[in-house]
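Chains as they are written, first to last, in full-length UniProt numbering: chain E, 1 to 300; chain G, 1 to 300. This report refers to the structure that appears directly beneath it.
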DNA sequence: AAGTAGTATTTTATCATTAAAGTCTGGCTA
DNA sequence: TAGCCAGACTTTAATGATAAAATACTACTT
């Protein structure tokens, strides 16, 4: 067969919704207008209009599109198979690797994986090609894919790379003028860190979000598509890993908050040397946490 | 249809070559041994053996594979369509963008491009997915691909990112012990730079290779798969761009050599501050060159 | 003249198909 | 009789055909 008619089905139902807001006798906008409104091609709009006409909902003759009767619930057509987006696929894929601890150098079965994640092999292939740039998977010489996986080496190099990017961001940041919005962001982050420290005994789980906000704020001062892209990947992987590692979480998070505060204060003092040192210290801790979580996971 | 039998054809001819090295009456190794030798599956080996038997070159019965007559030139089968590797595709693709100056935000026609580059749409899609991580292309909302292209913005951000990586490499490098091989590499590079400077009037073209060697030496001290991957991309793009920009080449290259020498000497003195400053200066020049070459190209 | 619908063409995502890879088992040989 | 080998079979992946969607073009209406 060919492409699915999922776009058509979605558009059809969305057109029903639009008809629902009208009363019989009203006329619908032009084909082009409908197409733009539903973010779909005119071909689909015409297909949907034809169906509505056949079902007697609409009287469609050339430019006149008069509503005959309001749509009923039974007019809707079924959207079979929830289309999985690339974003969802990313989540599921990382989840699969980490949760089920897929070992390194595992050959990946495209057909089976595609079924498992509810996507077509075509989509999965596109997805894997993207990750191959980050060395998570690799093409096998005789065809197919190989999962290189989250080895300790990978974690070390990822952490080191992260450190390179964040250290650079820090150097940029401390040179920014006082009116730059990052300073107020940092101040509110500082306050939030202190606040969380006060209720750390019970709410240590909240640190994850705070951590993400903080790192996003720091790296956000570097307006660079490559940095941004990498930051997304790094944050994704770190986030996922910590999600499954719960050992000493309270203690770990408390220590991290103190490290963040040291770092924030150094930046606020515009002390580049101290800020870089504090950043390095925190990132080193982070790296060790990632490594030990990896080890713990492998032993479990 | 299904996959091409290119692997079979190649293996068949390679088996002919192997038979050419034998005399009639000799017997061939086991299927598994042949498969491993030719880096191919046993299925293919068996197929090739069957064909050789049918053609009367070989008497194949179970384990005995006796050569009947040496292979003739006419026994070879044609390898239709030279299979383009992903590496070649990369070269052709960048070449196409730069040489024909494809503007930014051009919708890419997969079918047409695939024909043009002599690959299947499947392969091209895989390739584009890889580049989408580096923001050179993007998926369009309604399907298809969009070339974001080598805009000035892209060049600036790529250069900045390069500077981040190289600056970090410099900091690592100056901290390395005297017995590290990079020091002797640097010294020979220094000598080569001076040598080229002496004959710059006529041989300024040689700088490109020297430049690549030098940057590879510096970034090579950082053993990190992400850095390495990016370095590959950066070197690819810079290399390709400079290949087409010939304005003031002699003068530009001479200036670059002097900048390199400043940088090398600072590193040899283990003067981190001066080395970083020299690196920054050179990378800034490089960025400007890339930008002006881009501008020149767009005006032409 | 501007915008709209009809028609035709182009292009993409999917699927059945076939080549190739991988696996298992029994038999031969050393 | 232990290890290797080949036959038979199963599984997997890359491809061309195909239908769906997008787009381009033309003609018409207001």
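The C-beta atom is built at its ideal place from N, Cα and C for all residues, glycine as well. Keep in mind that this is a model prediction, so the values were computed, not measured.
Judged by beta-carbon spacing, residue 282/E lies beyond the 7 Å limit of residue 221/E, meaning their Cβ atoms are not closer than that value. In this structure, 120/E is the residue among 74/E, 215/E and 120/E with its C-alpha nearest to the C-alpha of residue 89/E.
At a cut-off of 7 Å, the C-beta of residue 224/E has a neighbouring C-beta in chain G.
In the DSSP assignment, residue 170/G falls within the alpha helix (DSSP H) that extends over 152-174. Non-local C-beta neighbours of residue 272/G in its own chain, meaning closer than 7 Å and more than five positions away in sequence, comprise 171 and 174, ordered along the chain.
If you check the CB distance, residue 189/G and residue 257/G do not come in under 7 Å.
According to the DSSP assignment, residue 227/G belongs to the alpha helix (DSSP H) that extends over 225-244. With respect to residue 45/G, residue 33/G sits apart: the two C-beta atoms are not nearer than 7 Å.
Listed along the chain, the chain G residues whose CB falls inside 7 Å of the CB of residue 160/E are 224. Residue 163/G and residue 285/E have their C-alpha atoms some 26 Å from each other.
The alpha carbon of residue 144/E has as its nearest neighbour, out of 232/E, 150/E and 132/E, the alpha carbon of 132/E. Put simply, the CB of residue 105/E is far from chain G, with every gap to its CB atoms at 7 Å or more. Under the Cβ distance rule, residue 44/E does not count among the residues neighbouring chain G, no pair being separated by less than 7 Å. Distance from the CA atom of residue 134/G to the CA atom of residue 91/G, rounded to whole angstroms, is 16 Å.
Under DSSP, residue 138/E takes part in a beta bridge, and its partners are 146/E. Excluding residues up to 5 positions away in sequence, 11 and 14 lie with their Cβ nearer than 6 Å to the Cβ of residue 38/G in the same chain. Judged by DSSP secondary structure, residue 59/G falls within the beta strand (DSSP E) whose first and last residues are 58-61. For the region 168-195 of chain G, residues whose beta-carbon sits nearer than 7 Å to a beta-carbon of chain E comprise 168. Taking residue 25/G as the centre and dropping the five residues before and after it, the same chain places the C-beta of 66 and 67 closer than 7 Å to its C-beta, in chain order.
Between residue 104/G and residue 151/G, the C-beta spacing is below 7 Å. Rounded to the nearest whole angstrom, the C-alpha separation of residue 201/E and residue 244/E is 20 Å. Not flagged as an interface residue toward chain E: residue 286/G, since no C-beta distance is shorter than 7 Å. DSSP places residue 28/G in the coil class of the three-state scheme, outside both helix and strand.
The beta carbon of residue 56/G is closer than 8 Å to those of 68 and 69 in its chain, skipping five residues each way along the sequence.
For residue 114/G, the closest alpha carbon among the candidates 214/G, 191/G, 98/G and 85/G is that of 85/G. Residue 242/E and residue 96/E have their C-alpha atoms some 15 Å from each other. Between residue 155/G and residue 291/G, the gap from beta carbon to beta carbon is short of 7 Å.
Under the Cβ distance rule, residue 157/G counts among the residues neighbouring chain E, one pair being separated by less than 7 Å. Residues of chain E with a Cβ closer than 7 Å to the Cβ of residue 129/G are, in chain order, 126, 129 and 130.
Bounds of any alpha helix (DSSP H) do not take in residue 64/G; it lies within the beta strand (DSSP E) bounded by 64-67. A Cβ of chain G is located within less than 7 Å of the beta carbon of residue 135/E. A buried status is given to residue 260/E, since no fewer than 16 other beta-carbon atoms sit within 10 Å of its beta-carbon.
In this model, residue 30/G and residue 63/G are separated by some 7 Å (Cα to Cα). As the crow flies, the alpha-carbon of residue 136/E is around 19 Å from that of residue 111/E.
A direct Cα-Cα distance of roughly 11 Å separates residue 216/E from residue 227/E. Taking the Cβ atoms as the reference, residue 77/E lies roughly 5 Å from residue 9/E, within the contact range of under 8 Å.
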